[in-house]
Structure formats: structure tokens, C-alpha cells
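A quick write-up on the structure given underneath.
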Amino acid sequence: RTIIISQDKDQWGSEFAFMVNGVKIFTKGANYIPEDTIYSHISKDRIKYLIDSSVRANYNCLRVWGGGYYPSDDFFDLCDRAGIIVWQDLMYACNIYDFTKEFEENIIEETKDNVRRIRHHASLGVWCGNNEIETAWANWGGFQEHSPKLKADYIKQFEYVLPKIVEKEDGQTFYWLSSPSSGGGFDNPDDENRGDVHYWQVWHGQKPFEDYRNYYFRFCSEFGFQSFPSIKTVNTFTEKADRNIFSKVMESHQKNGSANGKILHYLSENFLYPNDFKDLLYVSQILQGIAIKFGVEHWRRHRGRCMGALYWQLGDNWPVASWSSIDYYGRWKALHYMAKNFYESIAGSLKREGSLVEAHIQNETLSDSKCNVEVTLKKMDFTVIDKSIYNVTVPALSALKVMDKDYATLIKGYESDFFIEAVFTDESGNKSYEVVFFEPYKHLELEHPNISFEIEEEKDAYNISLKSDKLACFVELDFEDSDAIFSDNYFYLTGIEAREIRLFKEDITGEAIKNKDDLAEKLLVRSLRDTYE
4 RTIIISQDKD QWGSEFAFMV NGVKIFTKGA NYIPEDTIYS HISKDRIKYL IDSSVRANYN
64 CLRVWGGGYY PSDDFFDLCD RAGIIVWQDL MYACNIYDFT KEFEENIIEE TKDNVRRIRH
124 HASLGVWCGN NEIETAWANW GGFQEHSPKL KADYIKQFEY VLPKIVEKED GQTFYWLSSP
184 SSGGGFDNPD DENRGDVHYW QVWHGQKPFE DYRNYYFRFC SEFGFQSFPS IKTVNTFTEK
244 ADRNIFSKVM ESHQKNGSAN GKILHYLSEN FLYPNDFKDL LYVSQILQGI AIKFGVEHWR
304 RHRGRCMGAL YWQLGDNWPV ASWSSIDYYG RWKALHYMAK NFYESIAGSL KREGSLVEAH
364 IQNETLSDSK CNVEVTLKKM DFTVIDKSIY NVTVPALSAL KVMDKDYATL IKGYESDFFI
424 EAVFTDESGN KSYEVVFFEP YKHLELEHPN ISFEIEEEKD AYNISLKSDK LACFVELDFE
484 DSDAIFSDNY FYLTGIEARE IRLFKEDITG EAIKNKDDLA EKLLVRSLRD TYE
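Below is the structure:
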């Protein structure tokens, strides 16, 4: 196989696109950090679980962050088998290095050793010199206080010595000077029209989710949003008295100082305040999923201009509130389930601005795809007000706008009473569902839904059929003492038709589920409306 990064000039600047065997792909995935703070706790089984979970969420790439460590051979072997491209940072991040002769000799040997170990892997897609050091020298105040000699040392280390060693030891793999970068030399490393970008104004800058839509990065290699882990994970490190996000214990399991306040800020912008601690954890995960979904869907809609989105981050190295989509114990957060949908090879999305709604389809396969799209305006009790049907062919490796429609005359004065549902069906019969509202969730006229379910048991799986009498948002399926990976989770129930969820028996861990009756008794179901009075 061949993997290169194309930087062809175009109408916007220079593209930054992975090209695999001559095909430019949209890169989908996350940043990878060490699985544990204690190295001896890392095992092949844990690595395999994360790689398998990446594949199940439709990733095609993992970026190994330069602030961690060089992963084991097991990691690369598993990525080879899974078809996951590895973006491999050299292990330098957010720091200043005094480039002495002794240090130079040390890093040359370290680089040789790791490049020789890793270079033969089919999964290796790019070597990158460091994480955020070029942009730090260009833009971070703390770096400007240091001597010009140290800034010159950066150029020597990352733009001369290390590229030369990597080229000598591995002449096949593309080398990128830093991340983010526009090509080195401190030449506007955050330029949205060249190279890759790390974008943190949503989260650190507390900009609204919609701010993602102001930017058309060529490749966004880092962006993220925090959430709390599940109550089962929190229970492993707290007593009852600690279960307040501002308790000493909870704050000790939060290493981004002002993050809990940021979560509450975004919560206040979007949702009513939850009833209790458990509901707050649940809503925080929904917030996280919505945030990342906003960015990814926007960039996928502009495929060709943007060619990659890698969110921060895949996993955790201890039980903690963080940017991860899978927590320390392997529990999928809402974000990971949402990623499975927004990273689908054929994915639909909705975009709303005011009363104008657009429907889009992204096709990341090598074949044209015939798709049916049904876009319906409904009341919360599922009364249909308007329906449009579109049959389109989406060219291979493209993004297509299917429709735009202004609903102003239909919803005026009653914006909080309606929602738009789009059902996307590809030619194989696979369906995906997208929903948008005309008001923030906190202002919607949601009633308590009555959710019922039936379960059928097969030899290796359970089929769970769920119905609701009213709109149910972010329906969560879980167990108190068992863990499971469902075919979908944190989904909407948008009509009288049943929603089918599949649960393979091998995906249930913890307390055993004996049969379908046992499953029915232990299954916990909640939705957004259950989190407030």
C-alpha cells in the first residue's frame, strides 16, 4: 500500500489530505493517549479493546499524541489488522528544549530506535515532529519570554536534525514538522487554509458549538469537549458525600482547572439544570457528543476543502472527567455512540440556521450511492405537519446537499413545539436518523414520554424493540451492575414506529444477563425529559 499526504494547491490554499493507494480519503478518528498512568497496567487486551472500539465507531485513523509515549508493537500490529492509519507524533509536546550536544545525541538514538521498530507497519501513515511546539513559539505568551537561542534550537531540532534522521531510517513515510503547522518556519502555523489545525475556541474559549461552522480547516487534528464519566465509574473513586462535581475528590479527578465550570456554562446554554448528580453526569455526556458532532458534521459537509477530523481524545489513563469518548474502564460515553453515527461511511446530517433547514449526505465509499431522504416536520406528539421526500445519487467520495427549506410560515410563534426528523436510507436499506429543533433543548415543550420495550432472544444476541408515545431525546440504555455495548444508544424516539436495538451477548460484561427476562428486569431506560421536573 502507499500512503502520502497531498498538499496540492487549490482555490482555498493548499489541501491536507491522506491519499491511500491514490485515493484521497476523509480522515475520521481521534487522538490516542496512553491507556494507563502505570505502564505495567497496559495490556494487549486493553489496547485491542480500544482499537476494536475505534473500528466499531467507524474510525480510519488514530493520532498518537506527542505528550505520551511510543506505543507497543501490539498497538501497531492491531492497527495493521484493523485498517487504522496511525499518525505518529515524535514524543515532544508543548515544551522548550535546550539543544545541547548531549541532548542531540540522545534524541538521535531514541528516534532511530523507534523509527526502526515502527517503520515496517502498514498502518503507519505519517511521522510528525511534535505536538504544538511550533504554534507555541509563534503564539503562546510564555514562550516569547525565552531567548532567541532556544527558538533557534527549535528550528534546528525539529526542522533539520529529526527530519534528517527519520528520512534516513524511513524514506517512505511522510514527515510533518509539527502539529498544528502550515509547513514550518513559524509561518502562521494555525492557518486554516494550509496544513493542520488544533481548534479549541469551543471549550477553552467558551464559544458556542455553532462557532465550528465559521471555519473550514483543511484538517482539524485536535478539538475536543469534556464530560464526566458514568456514575458506575465515578462510584469507583467516591463515597456518597463526594458525589458533587465541586467536591475535593471530584475536583481531584479533574485536571483541567476550570473545566467543571465550563461544563456548567455550556449546560446553561443548552439544557435545563438536571435533577441530581447522576443526571448531571448523563447530560454532560450529551453536551460533549453534541459539541463534537457539530464540528465533524460541518467539516464532512465540506469534504474536499476539509479532509480530516480527529477529536481529542479516545480513552483515559485513569478514572477522570475528561475529553475522552471511552472512559478508563472501557465504558462508551454518549460521544462514542454518536461518533459511530457521524463517522459512518454514508452519513446524513442536518443543519439549521433560523427557520432554514438543510439536509446533507456524505459518501466516503468508492461507489456512487442511491439514497432516499425523508424530511418531516413534526409536533412533539408525532403529528406530521410537513413531509418532503428526495431520491438522490451521491457520488463516491463526495458530500451532497440534498435540500434546503424554510419552515418559517409553518412554525412561526410555536418554534418550541416542533422538530425536524430526517431519515436517510441507502440502497442497502441501512437507515440513519437525524433530528434538529428550532429552539435550544432547554426551551422545548417536551412532555414525559412513556417508553416501552420488548425483547427477543437469539442464540448470540438480544433484539430490543423500543416505542414511545411522545418524542424522547437521547434515550440511554444501561444496567446498574453490568456493562454493554449496544448497536446504538443516546438516540431519539421520533414516532410510533419501534426502534430496533441489537445487543450481542459477547458485548455484555460485569454481572451476567441470564436470558431475555433477566435483561428486561435489569435494563435501565431514561431520556432527557427524565432529568428535570
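Residue 136 in this note's numbering is what sits at position 133 of the sequence shown, and the numbering runs on without skipping anything. Idealized CB from N, CA, C, for every residue including glycine.
Identity of the residue in S348, L474, M253 nearest L369 by Cα: Closest by alpha carbon: S348.
Quick one: is A60 buried, meaning 16 or more other Cβ sit within 10 Å of its Cβ, or exposed? Label assigned to A60: buried.
Spatial neighbours of Q10 within its chain, please: CB distance less than 7 Å, with the 5 preceding and 5 following residues excluded, ordered by chain position. S17, E18, F19
List the DSSP bridge partners of T379. K390, E424
Starting from the C-beta of I467, find all residues in its chain whose C-beta is less than 6 Å away, skip the five residues before and the five after it, and write them out in chain order. F456, I458, I504
Can the beta-carbon of A501 be found closer than 7 Å to that of K470? yes
Applying the criterion that 16 or more other CB atoms from any shown protein chain within 10 Å of the CB defines a buried residue, is I454 buried or exposed? buried
Mapping the DSSP letters down to three states, classify D76 as helix, strand or coil. helix
Measure the C-alpha to C-alpha separation of M341 and D282 and round it to an integer number of angstroms. 19 Å
For F146 and E225, I'd like the C-alpha separation in whole angstroms. 21 Å
Does DSSP classify L369 as helix, strand or coil? coil
Could you tell me the alpha carbon to alpha carbon distance between N263 and N24, rounded to whole angstroms? 44 Å
Starting from A20 and walking both ways along the beta strand (DSSP E), at which residues does that stretch end? Here the beta strand (DSSP E) through A20 covers 20-23.
With burial defined as no fewer than 16 other Cβ atoms inside 10 Å of the residue's Cβ, what is the status of K104: buried or exposed? exposed
Could you tell me which of L275, P183, W335, W321 sits nearest to K258, measuring between CA atoms? W321
Presumed contact (8 Å Cβ cut-off) between L93 and I54, rounded CB distance: That belief does not hold up - the Cβ atoms of L93 and I54 are roughly 22 Å apart, past 8 Å.
Smallest Cα separation from D407: which of D429, G357, E442? G357
Using the rule of at least 16 other Cβ atoms within 10 Å of the residue's Cβ for burial, across every protein chain shown, is I392 buried or exposed? Label assigned to I392: exposed.
Since W140 is in the alpha helix (DSSP H), which residue starts that stretch and which ends it? Judged by DSSP secondary structure, W140 falls within the alpha helix (DSSP H) whose first and last residues are 136-142.
Complete runs of the alpha helix (DSSP H) confined to the region 114-197 [at least 4 residues]: As far as the region 114-197 is concerned, its whole alpha helix (DSSP H) runs of at least 4 residues are 136-142, 144-147, 151-159, 165-172.
Specify whether the region 63-78 and the region 36-47 touch according to this definition: at least 3 beta carbon pairs, one from each stretch, less than 8 Å apart. yes
Continuous beta strand (DSSP E) stretch holding Y465: start and end: Its beta strand (DSSP E) spans residues 464-471.
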